[in-house]
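For the sequence shown, the residue numbers in the working numbering are 106 to 398.
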Amino acid sequence: MSHLESMIAANLLTGNLPRTTGEVSAQFLEGARKALDIYRSWGAPCDVSLASFTPVVHKTGGDKVACFFTLGVDSFYTLIKHIDEIDDLIFVENFELRLSSHVREKTVATIREVAKHYGKTAVIERSDIRSRLDRFVDWYKYGHGPALASVALAHEAIYRKVYIAASNTMKIIQKCSSHPHIDPLWSTETLQFIHDSPITRLEKLRTIGEDTFALNLLRVCYQGGEYNCSKCEKCVRTMISLRLLGLQSTAFGKMPPLADIAILSRKAAETTNWPVWAQNIDETEALLKALKG
Ligand SMILES: [Zn+2]
Numbered sequence: 106m107s108h109l110e111s112m113i114a115a116n117l118l119t120g121n122l123p124r125t126t127g128e129v130s131a132q133f134l135e136g137a138r139k140a141l142d143i144y145r146s147w148g149a150p151c152d153v154s155l156a157s158f159t160p161v162v163h164k165t166g167g168d169k170v171a172c173f174f175t176l177g178v179d180s181f182y183t184l185i186k187h188i189d190e191i192d193d194l195i196f197v198e199n200f201e202l203r204l205s206s207h208v209r210e211k212t213v214a215t216i217r218e219v220a221k222h223y224g225k226t227a228v229i230e231r232s233d234i235r236s237r238l239d240r241f242v243d244w245y246k247y248g249h250g251p252a253l254a255s256v257a258l259a260h261e262a263i264y265r266k267v268y269i270a271a272s273n274t275m276k277i278i279q280k281c282s283s284h285p286h287i288d289p290l291w292s293t294e295t296l297q298f299i300h301d302s303p304i305t306r307l308e309k310l311r312t313i314g315e316d317t318f319a320l321n322l323l324r325v326c327y328q329g330g331e332y333n334c335s336k337c338e339k340c341v342r343t344m345i346s347l348r349l350l351g352l353q354s355t356a357f358g359k360m361p362p363l364a365d366i367a368i369l370s371r372k373a374a375e376t377t378n379w380p381v382w383a384q385n386i387d388e389t390e391a392l393l394k395a396l397k398g
């Protein structure tokens with residue numbers, strides 16, 4: 106079986122599609138056209154045509170189920186929610202550019218530890234997709250969704266279903282390349298992509314909090330210098346959520362002083378992360394109301 110679907114997903118936005126009339130899953134081709142329409146409506150430079158490929162129906166595929174796994178809140182929740190179904194945890198080492206070598210090593214070792222603990226298999230991948238896509242498009246807005254799909258499509262012979270954990274709720278859906286309307290479009294007749302659980306991080310943390318092993322291995326920091334720096338916007342946002350839920354995780358340090366949190370909040374208000382902070386505030390008010398009631 107060719108991996109044309111994988112190459113197409115990786116190159117839709119670079120404009121460098123394989124020059125071939127090769128056979129491609131009919132369902133995938135239709136989905137890729139719809140994905141292109143969405144990206145174009147967001148203003149992406151999608152000067153490609155899929156007309157040369159020959160659509161075929163894939164009849165045989167794999168039987169395993171996987172989820173992309175980074176040790177973060179979203180993917181830990183997806184793993185726990187579908188623990189009976191998932192066989193493999195896929196981590197793509199070089200999709201996170203900022204990771205220092207020691208954090209990268211610790212992350213891979215921890216993912217292997219998690220896989221062993223739950224009786225799963227850790228699949229550690231390396232890929233040059235990010236370095237190629239970064240030259241053309243914004244990774245968050247256009248890159249990482251099709252890049253994840255591309256990695257899984259290269260293993261279409263192994264998997265029948267792959268979960269991509271949702272990063273946002275349905276309430277605050279952003280122009281993000283891993284999107285509830287886009288992720289399923291990468292599916293073929295034999296491999297189904299699921300954009301999983303677009304619910305709040307607080308709800309996800311509540312579930313993760315019931316599993317101390319998972320809670321103590323959470324990794325959310327994007328600074329890359331430490332497992333969790335406990336100082337950046339995302340670390341602090343997660344620590345506040347844990348505090349709200351009355352949970353403690355040994356993966357984080359001490360909560361920063363309130364003055365520092367206020368500064369971070371103001372910074373976050375100037376970034377695209379503001380909707381996620383606002384979600385935290387909404388949840389806080391609801392939680393306080395419930396406690397009072
Ligand atoms: Zn951090």
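Cβ coordinates follow ideal geometry from the N, Cα and C atoms, glycine included.
Using a Cβ distance threshold of 7 Å, His163 and Ser111 do not count as a contacting pair. Listed in chain order, the non-local C-beta contacts of Asp193 below 7 Å within the same chain comprise Lys169, Ala171, Lys225, Thr226, Val228, local neighbours out to five positions each way being set aside. Our two residues, His284 and Ala149, have alpha carbons roughly 15 Å apart in a direct line. About 6 Å separates the beta carbon of Phe196 from that of Thr175, a gap short enough to meet the 8 Å contact definition. Phe173 has Ile195 as its beta-bridge partners, per DSSP. Residues close to ligand 1 by the beta carbon criterion (under 5 Å to any non-hydrogen atom) are, from first to last along the chain, Cys326, Gln328, Cys334, Cys337, Cys340.
Scanning its chain for C-beta atoms nearer than 7 Å, with the 5 sequence neighbours on each side dropped, one finds around Lys211 the residues Tyr332, in chain order. Your pair Ile188 and Ala115 does not check out as a contact, with CB atoms roughly 30 Å apart and the cut at 8 Å.
Membership of His300 in the beta strand (DSSP E) is indicated by the continuous run 297 to 301. Cβ atoms of Ile287 and Ile143 come within 8 Å of each other, at about 6 Å. Cys151 and Gln297 have their C-alpha atoms some 24 Å from each other.
Ranked by Cα distance from Tyr268, the first of Thr165, Thr126, Ser180, Gly167 is Ser180. Beta-bridge annotation (DSSP): Lys266 is paired with Val170, Gln297. Residue nearest to Ile216 within the set Trp244, Asp239, Leu184 is Leu184 (criterion: CA-CA distance).
Look at the region 301 to 328 and you find these whole runs of alpha helix (DSSP H), each 4 residues long or longer: 306 to 313, 317 to 320.
Of the candidates Gly330, Val219, His260, Tyr245, the residue whose Cα lies closest to the Cα of Val208 is Gly330. For Thr165 and Ser370, the gap between their C-alpha atoms comes out near 50 Å. Under the three-state reduction of DSSP output, Glu135 falls in the helix class. Counting C-beta atoms within 10 angstroms of its own C-beta, Lys221 has fewer than 16 neighbours from the protein chains shown and is therefore classed as exposed.
Using a Cβ-Cβ distance cut-off of 8 Å, the region 243 to 250 and the region 121 to 135 are not in contact, since fewer than three pairs of beta carbons, one from each stretch, lie closer than that value.
Within the model, the alpha-carbon separation for Ser272 versus Arg324 is close to 14 Å. Annotated three-state conformation of Thr165 is coil, per DSSP.
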